[in-house]
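Peer 1:
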Amino acid sequence: MTAGSGVLLVLLSLSGALRAHNGDLTAQETCKAGFSEEDYTALISENILEGEKLLKVSFSSCLGTKGTQYETNSVDFKVRADGTVFATRELRIPSEQVAFTVTAWDGQTSERWDAVVRLLVAQPSSARPAHKKGKPSAGLDASQPPNDTLLPWPQHQNANGLRRQKRDWVIPPINVPENSRGPFPQQLVRIRSDKDNDIPIRYSITGVGADQPPMEVFSIDSMSGRMYVTRPMDREERASYHLRAHAVDMNGNKVENPIDLYIYVIDMNDNRPEFVNQVYNGSVDEGSKPGTYVMTVTANDADDSTTANGMVRYRIVTQTPQSPSQNMFTINSETGDIVTVAAGLDREKVQQYTLIVQATDMEGNLNYGLSNTATAIISVTDVNDNPPEFTTSTYAGEVPENQVEVVVANLTVMDRDQPHSPNWNAFYRIISGDPSGHFSIRTDPVTNEGMVTVVKAVDYELNRAFMLTVMVSNQAPLASGIQMSFQSTAGVTISVVDINEAPYFPSNHKLIRLEEGVPTGTVLTTFSAVDPDRFMQQAVRYSKLSDPANWLHINATNGQITTAAVLDRESLYIKNNVYEATFLAADNGIPPASGTGTLQIYLIDINDNAPELLPKEAQICEKPSLNAINITAADADVDPNIGPYVFELPFAPAAVRKNWTITRLNGDYAQLSLRILYLEAGMYDVPIIVTDSGNPPLSNTSVIKVKVCPCDENGDCTTVGAVAAAGLGTSAIVAILICVVILLTMVLLFVVWMKRREKERHTKQLLIDPEDDVRDNILKYDEEGGGEEDQDYDLSQLQQPESMEHVLSKAPGVRRVDERPVGAEPQYPVRPVVPHPGDIGDFITEGLRAADNDPTAPPYDSLLVFDYEGSGSTAGSVSSLNSSSSGDQDYDYLNDWGPRFKKLADMYGGGEED
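Per mature numbering (1 follows the signal peptide of the UniProt record, and there is no 0): the sequence shown = residues -20 to -1, 1 to 894.
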């Protein structure tokens, strides 16, 4: 080796190489089928040609390679029969590596083996030939250090002594087992360049796990180039690392190009399988055949699924209940599919199974693998494998005739399928015995019983009993291979109970036609009823229920109808020429029953109504040339007993035909007009004979009141003319006006008299009203104003003042009207001690005059002073009026004073008698 060449030695301490070496020793002792390596690695370029060979896998089946077939899980790479891996098409690898699985299987034993192939893309444009994991590269020469040292940057010298730069080596991946117990740091590889013989070199690494999070998982001795792992690895946290190794001199100048280092964490079986659900629910139909799919359980293992650590296998641990067999189900060990393995699933016996399913990794090796369990609950679903069966073969019931929606019998069935499901719900049908459809069978949704119901009334006189044959089935069809039971058919006997039915009129409504005006007692028809109870001896009696005009009579025993009055088509009870009456037919059953019938009588019109002239009143001008009166007739009859009408004037009185004439317009109308040139204004009664066209015809003389009046140029009566025509002359009008004036004068005089009388009544002062009783009534003497709330008075002023100076000092004419007078008091007359009939009247008159002339008296609406009577009243004491006990006082003279003093005379004069 030339001294100038730079060589990097890498010391490898790889556990994978040791395992491969130990595997070769074991293969020499015992043959074990499988790939020589679990993981193959090859260096490839970024661009691959179609059919390019990449590497070769080695497989041994202990029986030779004959019959061994290969396949991959990638469409881009395939394996030939000799184990050569090649590309199926031209590819460009965009990532740093490609991994896929190669499967070998024996066509004779159907056994399968897997191996992983990893294709690493070299950083330079081309790479050296691939080599297997753990084996040294074939590119190292004899001068290379021992097999634990590699030269990543080899440099060679040509024959002229000039150095030529070779393409860089690519370091094979470094495998590190996870969960290593150390001690740490643990050396992985040593990197050394041959230039360190000439100059000191510092080594460093960069990338995730070194100077990027997670930090300091890997470290390197900068001087010796030894790279270490500093802590246990976890493949489930990170499965691989990509680092770059750098070599620089002491000044930081790059000595070698950076080299890529790939570190793979080798998986260890450190994770148990975990079921997706702890409890799985599934179902399977009862009676299912073996091999029927039920459900799938799934467990995931966090370990590498390409190794045995992550390969999960399933098995059923227990089954509850173990009926009818302890192995009713089996599970696919790889997929987790649970299927039936035995026949005999019967929901009516076992409705649910509980399975404990175990998932174990290491391909199900119970000695080395980790396990976990879950529960699978399998419900046996119902199928219609049990036909419904009647609990008895015959049923009986009875029904009254003429009734519907009556339940006459309840049919009970037994069905062992799941209640309230289509396999259990019963459906009933009548297969014979009811051709007319009198009955139907409805299902009770709660009890599943069949309710035989009458939907069409039955008649005892037609059918006394019914013999029905009924069949029951389910809402869902029976399962395949299940036959209908003979107990699914039963007989139902229904007896009809006879009841008293009401008589009925066969022809209802019955219509008859006859002429109006038939005499009383005429037999019209026989309106008889029929009693449907043929097996009962009963009598039917008839009566009227409705006869608005009371024109008819019915025979109580045979229903013969006769007229009780004359039938008149023009009556108010007739509608559209039809008279309607209702009759009642009742039997004597227990209880009695009755029916009604309606008789309609169509009355044919006869000419029994004479025509009436229309209008009854009219007016016409006194000159015939101006207008005429249109007349017509009204007839209560109908065609042909009505028009055309004949209008004519009678011969008597002669003035009618002299003054008037009739002109025919058509069959129903004519005109009445003046025959003479002038007729004096007034009211005229014009008789007119009207004759109809009936057979025989009827005539009627009608009077029309015609007002003849002077008319204006338009042919309308003038106002004066209308008055004159009404029969009032000028003298009559003047008389009416005079009467009105006299009446108004009398009313005015009466009003004036009432006013004067009212004024006189107010000027007289009455002592007491005759109708008032001083002993029994509260008398109203005076008004004291609005009360203390309305008038704020100082009540102290009502008392006699102690000093008069403030009053006497007032200016003349200024006084309080609510205090005791201070000046000269008016002199009221003194009443004599012994009254005289004439003295009392004079006393009252003088007192009134003095009060009216008193200037000190307060106004009407002021607070009046009643408690102050002055000092030394000149009036005598009231006690002087006391009656003498001698009884010789005569009060009869009070009666002479008029009705005002009559009560005083009664009070004093009649005391002895009371």
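Heads up, the beta-carbon is just placed ideally off N, CA and C, and yes, glycines get one too.
Note that the structure is predicted; figures quoted are calculated from it, not measured.
Quick one: Cα of L29 to Cα of T68, how far?
Peer 2: L29 and T68: Cα-Cα distance of roughly 9 Å.
Peer 1: Can you name, in chain order, every residue of its own chain whose Cβ lies under 6 Å from the Cβ of N382, other than the five neighbours on each side?
Peer 2: These residues qualify, in order along the chain: A437.
Peer 1: Helix, strand or coil for Y888 per DSSP?
Peer 2: Note: Y888 maps to helix in three-state DSSP.
Peer 1: Along the chain, where does the beta strand (DSSP E) that runs through N610 open and close?
Peer 2: 609 to 614 is the span of the beta strand (DSSP E), which, as asked, contains N610.
Peer 1: Compute the Euclidean distance between the alpha carbons of P399 and V432, then round it to the nearest angstrom.
Peer 2: Distance between the alpha carbons of P399 and V432 is about 22 Å.
Peer 1: On the premise that R549 lies in contact with L579, defined as a C-beta separation below 8 Å, what is that separation, rounded to the nearest angstrom?
Peer 2: L579 to R549, Cβ: 16 Å. No contact.
Peer 1: Label D191 either buried or exposed according to how many other C-beta atoms from any shown protein chain fall within 10 Å of its C-beta, with 16 as the threshold for buried.
Peer 2: So D191 ends up on the exposed side.
Peer 1: Per DSSP, which residues does H222 bridge with? Please list them.
Peer 2: DSSP output for H222 lists Y242 as bridge partner(s).
Peer 1: Quick check on A470: buried or exposed, where buried means 16 or more other Cβ atoms within 10 Å of its Cβ?
Peer 2: Buried, because 16 or more other Cβ atoms sit within 10 Å of the Cβ of A470.
Peer 1: Decide yes or no for the touch test of the region 711 to 721 against the region 674 to 686: beta carbon pairs closer than 8 Å, at least 3 of them.
Peer 2: Short answer: they don't touch.
Peer 1: How long is the line joining the alpha carbons of D665 and F627, rounded to whole angstroms?
Peer 2: Spanning the two alpha carbons is a distance of roughly 16 Å.
Peer 1: Around the C-beta of R215, are 16 or more other C-beta atoms found within 10 angstroms, so that it is buried, or is it exposed?
Peer 2: So R215 ends up on the buried side.
Peer 1: In whole angstroms, what separates the C-alpha of V37 from that of S16?
Peer 2: When rounded, the distance between both Cα atoms is 8 Å.
Peer 1: Are A608 and L652 closer than 8 Å when you measure CB to CB?
Peer 2: Yes. Within cutoff.
Peer 1: What are the start and end residues of each continuous beta strand (DSSP E) run of 3 or more residues lying completely inside the region 609 to 669, in chain order?
Peer 2: If we require 3 residues or more, the beta strand (DSSP E) runs fully inside the region 609 to 669 come out as 609 to 614, 626 to 628, 640 to 644, 650 to 654.
Peer 1: Pick from I358, R327, N454, L458: whose alpha carbon is nearest that of V393?
Peer 2: Nearest option by C-alpha distance: N454.
Peer 1: Between the C-alpha atoms of E76 and T52, what's the straight-line distance to the nearest angstrom?
Peer 2: E76 and T52: Cα-Cα distance of roughly 20 Å.
Peer 1: G344 by DSSP, collapsed to three states: which one?
Peer 2: Here G344 sits in helix by DSSP.
Peer 1: Shortest alpha-carbon distance to N538 belongs to which of V510, V259, R252?
Peer 2: With distances taken between Cα atoms, N538 lies closest to V510.
Peer 1: Under 8 Å between the Cβ atoms of Q331 and I357?
Peer 2: Going by C-beta atoms, Q331 is not nearer than 8 Å to I357.
Peer 1: Measure from the alpha carbon of E592 to the alpha carbon of each residue in L564, A322, A712, I668, then state which is nearest.
Peer 2: That would be I668, whose Cα lies nearest to the Cα of E592.
Peer 1: Three or more C-beta pairs closer than 8 Å, one from the region 494 to 509 and one from the region 410 to 422: is that the case here?
Peer 2: These segments do not touch.
Peer 1: Which residue's Cα is closest to the Cα of T643: R655, A529, A634?
Peer 2: That would be R655, whose Cα lies nearest to the Cα of T643.
Peer 1: To the nearest angstrom, how far is the alpha carbon of T542 from that of T612?
Peer 2: Going from the Cα of T542 to the Cα of T612 covers about 39 Å.
Peer 1: Got a sec? Which residues, its chain only, sit under 7 Å from F881 by beta carbon, not counting five neighbours each side?
Peer 2: Result list for F881: L874, in chain order.
Peer 1: If T320 sits next to G271, beta carbons under 8 Å apart, how far is it from one beta carbon to the other, in whole angstroms?
Peer 2: Going by Cβ atoms, the distance from T320 to G271 rounds to 7 Å, so yes, they are a contact pair.
Peer 1: In chain order, what residues of the same chain lie with their CB nearer than 6 Å to the CB of V477, ignoring the 5 residues before and after it?
Peer 2: Once the five neighbours on either side are set aside, the close Cβ partners of V477 are E378, P380.
Peer 1: What residues are listed by DSSP as bridge partners for T423?
Peer 2: In the DSSP output, where bridge partners are listed per residue, T423 has G430.
Peer 1: Between which two residues does the beta strand (DSSP E) containing L594 stretch?
Peer 2: Segment 592 to 594, the beta strand (DSSP E) holding L594.
Peer 1: Quick test of your reading: S220 and V259, contact by CB under 8 Å. State the CB separation rounded to the nearest angstrom.
Peer 2: With 8 Å as the limit, S220 and V259 do not qualify as a contact, their Cβ atoms being about 37 Å apart.
Peer 1: Buried or exposed for T177, please, with buried defined as at least 16 other CB atoms from any protein chain shown within 10 angstroms of its CB.
Peer 2: First, the amino acid is wrong: residue 177 is Asn here, not Thr. Result: exposed.
Peer 1: Start and end of the beta strand (DSSP E) containing V386?
Peer 2: Premise fails: V386 is in no beta strand (DSSP E) and is neither H nor E.
Peer 1: Looking at C-alpha atoms only, which residue of N428, R60, I586 is the closest neighbour of P676?
Peer 2: Selected option, being the one with the closest Cα: I586.
Peer 1: When the Cα of D617 is compared with those of Y440, E429, A590, which residue comes out closest?
Peer 2: Here the closest residue by C-alpha is A590.
Peer 1: I need the boundaries of the beta strand (DSSP E) containing Q299, first residue and last residue.
Peer 2: Run containing Q299: 293 to 300, per the beta strand (DSSP E) assignment.
Peer 1: What does a CB cutoff of less than 8 Å around I479 pick up in its chain, not counting 5 residues either side in sequence?
Peer 2: Cβ neighbours of I479 beyond the five flanking positions: P380, E381, N382, Y440.
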